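To start, the structure under review is shown below, and the notes come after it.
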Amino acid sequence: MCISLATLLAGCIWVWKSFKRRGYFNTTDSFEKITKIDAIAFDKTGTITNGQLTVHDLLGDKENIKYIYNLEKLSAHPIARSIHHYFANC
3 MCISLATLLA GCIWVWKSFK RRGYFNTTDS FEKITKIDAI AFDKTGTITN
53 GQLTVHDLLG DKENIKYIYN LEKLSAHPIA RSIHHYFANC
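Mind the numbering: the sequence shown is residues 3 to 92 in this note's numbering, read in order.
So this is what it looks like as structure tokens:
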């Protein structure tokens with residue numbers, strides 16, 4: 003019984019921390035499947051996706067974000083262009 007309660011409590015804490023960090027699960031099945039993940043792939047060069055990086059949100063205080071924008075707007079790097087595009091459309 004104690005192990006069941008500890009497992010349930012650990013699961014609840016993990017879901018709460020994931021939610022606070024903007025991690026979402028659309029089904030309870032996905033919550034169980036995530037424990038079986040042993041590799042994550044990123045498409046850094048855009049060879050699998052359309053190669054268009056998109057910024058959905060930036061976290062941090064406004065002063066630091068302003069500095070980041072000013073640094074990135076001069077760069078031709080794809081991530082820098084995505085950040086610049088995000089600010090241009092705010």
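Backbone N, C-alpha and C define an ideal beta-carbon position, used for all residues, glycine too. As the structure is a computational prediction, the values presented were derived from the model and not from experiment.
- prompt: Are the beta-carbon atoms of His-86 and Lys-75 separated by less than 8 angstroms?
  reply: Here residue 86 refers to the residue found at position 84 when the sequence shown is read from its first residue. Here residue 75 refers to the residue found at position 73 when the sequence shown is read from its first residue. In this structure, Lys-75 lies closer than 8 angstroms to His-86 by Cβ.
**Prompt:** Can you give the Cα-Cα distance for Asp-63 and Phe-89, rounded to whole angstroms?
**Reply:** Position 61 of the sequence shown holds residue 63. Position 87 of the sequence shown holds residue 89. Cα to Cα, Asp-63 sits roughly 15 angstroms from Phe-89.
If you draw a straight line from the C-alpha of Tyr-71 to the C-alpha of Pro-80, how long is it? Translated into the one-based positions of the sequence shown, residue 71 becomes position 69. Translated into the one-based positions of the sequence shown, residue 80 becomes position 78. Each residue's Cα considered, the two are about 14 angstroms apart.
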